[in-house]
């Protein structure tokens, strides 16, 4: 019996501010512009000595040499359809599709998240690392709060280094969209994403890759939006942990933030305000209490700390 199979291509991206690792860049600057996954792995094996260095070097190369394809992102999610006669035939054809995605990514130096993740997986395999491409869900804007997706919208990687699974996302590390244009801007945070923050931004389809966390898909989508800048600090939001602020809650909204101190200059911006406003802030036993007013006729709330947006909430008032 001939069966049909559809593969939905994941397209998601995130705007993020990056930082550059000059050591990897300097060493890899002389690499040829066109490389296969195997030849790139061979160069990495020669130039770097530890598994940690090699895995991060591969990640760095993919994030810094592959540009995000916004044209594909703005199109409707493409699907690849094929027929197969049995499971072995299905596996062969899926492998051929993956190889095609990897070859296209390396030849054109452009991709969406499926291309980034499959290419990085191929390099890791050639380096001898156990790894897997993870399909799942991500959120990166206020629109996503409470808006539960049925179909997976992103792909990233897990790689095992020194008997520990590391979470890596080369797509989100690669750059950002500014004024509708994508700009390369490396962000090292997305190599070895801390597991304590993992489910604030990513939610795997297979619960095995939640590492025992009990957070549900609904709870994942109900969270505020956390920026990379926030996740790289020691700050921790205690309340509210839901990203939707109701009319009743908005009357006396207080954010409790652990480790917030006088070194943190905090402001808030709403969709109806022309300027950033200063909240009332008090401190007690390592916790900052941020009291926010003037939320009338607004549907979005942005929390700004030291000049960077750290959290976003949806207002229903």
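Residue numbers (this note's numbering): 58 to 374.
Where a beta carbon is used, it is the ideal one built from N, C-alpha and C, also for glycine.
Under 8 Å between C-beta atoms of residue i and residue j
i	j	result
residue 186	residue 112	yes
residue 216	residue 209	no
residue 357	residue 199	yes
residue 307	residue 202	no
residue 355	residue 327	yes
residue 277	residue 367	no
residue 349	residue 325	yes
residue 213	residue 259	yes
Residue i in three-state terms, based on DSSP
i	result
residue 211	strand
residue 312	strand
residue 300	coil
residue 112	helix
residue 234	strand
residue 274	helix
residue 78	Because the pLDDT of residue 78 is 49, which lies under 50, any placement of that residue in the model is unreliable, and the question is left without a value.
residue 285	helix
residue 175	helix
residue 320	coil
residue 160	helix
residue 327	strand
residue 248	strand
residue 188	strand
residue 362	strand
residue 67	Bear in mind that the predicted position of residue 67 carries a pLDDT of just 45, short of 50, making it unreliable; the figure below should be weighed with that in mind. Residue 67: coil per DSSP, three-state reduction.
residue 97	helix
residue 88	coil
Of the residues the options, the one placed nearest residue i, counting alpha carbons only
i	options	result
residue 93	103, 125, 177, 148	177
residue 314	192, 241, 360, 301	360
residue 321	335, 259, 327	335
residue 128	256, 169, 95	169
residue 189	265, 302, 280	265
residue 302	143, 279, 218	279
residue 273	228, 339, 257, 345	257
residue 252	270, 298, 166, 235	270
residue 126	229, 219, 340	229
residue 370	196, 89, 80	196
residue 218	109, 353, 161	109
residue 207	275, 162, 145, 142	275
residue 284	263, 166, 255, 236	255
residue 319	235, 341, 167	341
residue 80	245, 153, 147	245
residue 95	142, 143, 156, 144	156
residue 297	281, 289, 305	281
residue 391	154, 147, 372	What the structure shows of the chain is the stretch from 58 to 374, and residue 391 is not part of that stretch, so it cannot be assessed.
residue 89	143, 148, 166, 140	166
Bridge partners - residue i, DSSP secondary structure assignment
i	result
residue 367	According to DSSP, residue 367 bridges with nothing at all.
residue 348	311, 337
residue 293	315
residue 221	218
residue 124	167
residue 357	371
residue 269	Beta-bridge pairing links residue 269 to no other residue.
residue 197	None; residue 197 has no bridge partner.
residue 239	234
residue 260	194
7 Å CB neighbourhood of residue i in its chain, flanking five on each side removed
i	result
residue 158	171, 172, 175
residue 316	291, 292, 293, 343
residue 261	191, 193, 267
residue 118	85, 97
residue 248	113, 116, 225, 230
Chain-order list of residues whose beta-carbon lies under 6 Å from that of residue i (same chain, five-residue window excluded)
i	result
residue 104	84
residue 77	The predicted position of residue 77 is uncertain, since its pLDDT is 46 and thus under 50; a value taken from the coordinates is nonetheless stated next. Answer for residue 77: 243, listed in chain order.
residue 362	321, 323
residue 222	215
residue 365	286
Cβ-based neighbour list, residue i, same chain, cut-off 8 Å, excluding 5 preceding and 5 following
i	result
residue 241	121, 124, 231, 232
residue 115	97, 98, 101, 177, 180, 181, 184
residue 164	91
residue 338	317, 323, 345, 346, 347, 348
residue 330	351, 355
residue 333	324, 325, 326, 361
Heavy atom of the ligand GDP within 7 Å of residue i beta-carbon
i	result
residue 142	Ligands are entirely absent from the displayed structure, and the ligand GDP is therefore not among its contents.
Chain B within 8 Å of residue i, Cβ atoms only
i	result
residue 237	Protein chains in the displayed structure number just one, and chain B is not present.
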